[in-house]
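Each remark here refers to the structure printed beneath this line.
In this note's numbering, the protein residues as written are 1 to 602.
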């Protein structure tokens, strides 16, 4: 006699109810984007159409006495209170986005019914579903919500926000207000924050422009002197997906970062930043790592109480000390503090400054390696007095995981510290041509090991960090030079010159003056004839932000020498025109001694 195995029980059916929350009679109107919104808008445009990755997610677990009516009432109160949650971002005929706050409208809310044992799974699935769909910012409010219900009682609320509406700090503010409203439907925040349109108006005021000017001065200093990339190396073949993601959850890293911070009198974030930067320096063979650091820009009580997005980025240069990780930690602390204080600026002014300095310097500073340490509201308590042995015991609970990667991304590295107070929660996405998934896992796993040993021994050399992390170096160009703080591949610069349609022959050389910085000199024969200005403009569009640089001086010759690699041969050729090609600034720099028939260009 044979038996038949019982069929697997089908998963309980879900119920979904679409419920619109209606709003009317509220204040509304149009305004320019805030600086934070414009910063995020540029990111969204660069990532489109797959720009859902930067949307923010939040799940709130509900107490047993919370009713459906109280949940919907709290949601209604939040959207009515914060105009940015009922704001669309249409693009005008001039191509410029604006914020348009609606005084009336509907927020669709889904009520999802399930059974008690599946609440968490359904909430996770609903969060993924709402998050994966990019926001239609011109027609949709920047908030999606669903309520997970079991046995007639709401259990969790799932929120997904557009980054145009909130940043990580704003999410924390919203969560606190939502919980207060669940307890008391008439609860008011302790202090009022900015409304989005009022913030945009303030940013046109004299105090805001003064802060903007200070930030731009800082940006200029960085753009005029920093290396152009954190990864000046030859890329490998890459992986699929091209930009893998790795996640870390570690109480050991959080505790070690706090312990190092107390000893060195820095922030825990600076300890992590220094360890990360040292690992990048080991990977690239460099002693200074240019990064973009996220700035929360919450300086006043009104800023702290605000829901909107204040998040922006500012450049920072972390200088590495090969003999002392402790000194690197202090350097990282100083660099991050400067970036934090100068992170508030008008992105349009920054874009103009970047274009100006790129033209003058002949280098496309990449700004493509970002570190985002999410600010955590509240005051951190004193760290527990743990020894190195106890810190190592904590590493047993450390979790590494693979995250959903992507095939399109402008950045080379994105290091997101989502939490660092009691447990480190970090996500690392990297261009696998520069930092493959296996190396990224080693780097993340090695952070806690490095900081624990730093705490235990008092200091570490760069070589010791390399042993602990185990990340190998990338290849460097065969014909590399360092010019203007940038590692340059002369072969790549030569290929860039040769790739111009007008180029008949060309060569590039490095000058090392006794009383001045090194510079590149490009010799060219072109047909038809052109000018240094035209050549420079054409080359700016071909810079890769990695290993290339335009010549500081262009020499246009009648003919090429028999041996194109001979500097002496080029210097014997009749010169048609020479100059820097730059407007002002370097235009007056002394060029090579002209031969007969030479006329100075710009």
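Using N, Cα and C, we set each Cβ at its ideal position, and we do this for glycine too.
Any heavy atom of the ligand FAD closer than 7 angstroms to the beta-carbon of residue i?
i           : result
residue 484 : By its list of ligands, the structure shown contains no ligand whatsoever, and the ligand FAD lies outside what it can speak to.
Bridge partners for residue i per DSSP, in chain order?
i           : result
residue 553 : 521
residue 372 : 416
residue 403 : 245
residue 608 : The shown model of the chain, from 1 to 602, leaves out residue 608, and the question about it has no answer.
residue 507 : 523
residue 579 : 554
residue 316 : 291
residue 112 : 16, 148
residue 31  : 99
residue 426 : 248, 417
residue 154 : 149
residue 107 : 21
Could you check how far apart the C-beta atoms of residue i and residue j are, in whole angstroms? I think they sit under 8 angstroms.
i           : j           : result
residue 169 : residue 296 : 6 angstroms
residue 271 : residue 289 : Actually they are not in contact, since the Cβ atoms of residue 271 and residue 289 sit about 15 angstroms apart, beyond 8 angstroms.
residue 107 : residue 257 : In fact, because the Cβ distance is near 40 angstroms, the residues do not count as touching under 8 angstroms.
residue 483 : residue 518 : 5 angstroms
residue 511 : residue 547 : Going by Cβ atoms, the distance from residue 511 to residue 547 rounds to 19 angstroms, so no, they are not a contact pair.
residue 109 : residue 148 : The pair is not a contact, with the Cβ atoms about 12 angstroms apart (cut-off 8 angstroms).
residue 494 : residue 476 : About 17 angstroms separates the two Cβ atoms, so there is no contact after all.
residue 469 : residue 435 : With 8 angstroms as the limit, residue 469 and residue 435 do not qualify as a contact, their Cβ atoms being about 12 angstroms apart.
residue 245 : residue 409 : Between residue 409 and residue 245 the Cβ distance is about 10 angstroms, and since that is not below 8 angstroms, they are no contact.
residue 242 : residue 407 : 5 angstroms
residue 62  : residue 155 : 6 angstroms
residue 370 : residue 340 : Between residue 340 and residue 370 the Cβ distance is about 14 angstroms, and since that is not below 8 angstroms, they are no contact.
residue 28  : residue 117 : Not really, about 44 angstroms apart at Cβ, beyond 8 angstroms.
residue 98  : residue 30  : 6 angstroms
residue 446 : residue 279 : 7 angstroms
Grab me the residues of residue i's own chain with a C-beta within less than 7 angstroms of its C-beta, minus the 5 sequence neighbours each way, in chain order.
i           : result
residue 540 : 358, 359, 550
residue 593 : Low confidence applies to residue 593: its pLDDT is 36, below 50, so where it sits in the model is not reliable, and the reading given next is rough at best. Once the five neighbours on either side are set aside, residue 593 has no close Cβ partner at all.
residue 567 : 509
residue 307 : 82, 84, 166, 170, 173, 174, 193
residue 34  : 196, 199, 200, 203, 308
residue 559 : 525, 573
residue 644 : It is not possible to answer for residue 644, since the shown part of the chain is limited to 1 through 602.
residue 576 : 529, 556, 557, 558
residue 386 : 255, 259
residue 225 : 485
According to the neighbour-count rule (16 or more other Cβ atoms, all chains shown, within 10 Å of its Cβ), is residue i buried or exposed?
i           : result
residue 515 : exposed
residue 255 : buried
residue 412 : buried
residue 299 : exposed
residue 192 : exposed
residue 312 : buried
residue 2   : Note that residue 2 scores 48 on pLDDT, short of 50, meaning its location in the model is unreliable; the coordinates nonetheless yield the value given after this. Exposed is the call here.
residue 267 : buried
residue 448 : buried
residue 229 : buried
residue 457 : exposed
residue 132 : exposed
residue 281 : buried
residue 318 : buried
residue 397 : exposed
residue 384 : exposed
residue 64  : exposed
residue 18  : exposed
residue 363 : buried
residue 227 : buried
residue 454 : buried
Among residues of its own chain, excluding the 5 on either side of residue i, which ones have a beta-carbon nearer than 6 angstroms to its beta-carbon?
i           : result
residue 181 : 74, 77, 187
residue 590 : In this prediction, residue 590 scores a pLDDT of 35, lower than 50, which makes its location untrustworthy; no coordinate-derived value is stated.
residue 367 : 292
residue 399 : 249
residue 22  : 106
residue 322 : 462
residue 212 : 345, 346
Can you find the residues in the same chain that come closer than 8 angstroms, C-beta to C-beta, to residue i, ignoring five residues on each side of it along the sequence?
i           : result
residue 122 : 14, 112, 114, 148
residue 269 : 257, 336, 373, 417, 420
residue 127 : 57, 59, 158, 160
residue 472 : 283, 439
residue 498 : 506
Inset, instruction - Write down every uninterrupted run of the alpha helix (DSSP H) in the region 238-275 whose length is 4 residues or greater and which is fully enclosed by it, in chain order. - result: 251-264
Inset, instruction - Taking only runs that begin and end inside the region 38-104, name each unbroken alpha helix (DSSP H) of 4 or more residues, in chain order. - result: 68-81
Inset, instruction - Please go through the region 444-499 and give each complete alpha helix (DSSP H) segment of 4 or more residues, from N-terminal end onward. - result: 462-469, 490-498
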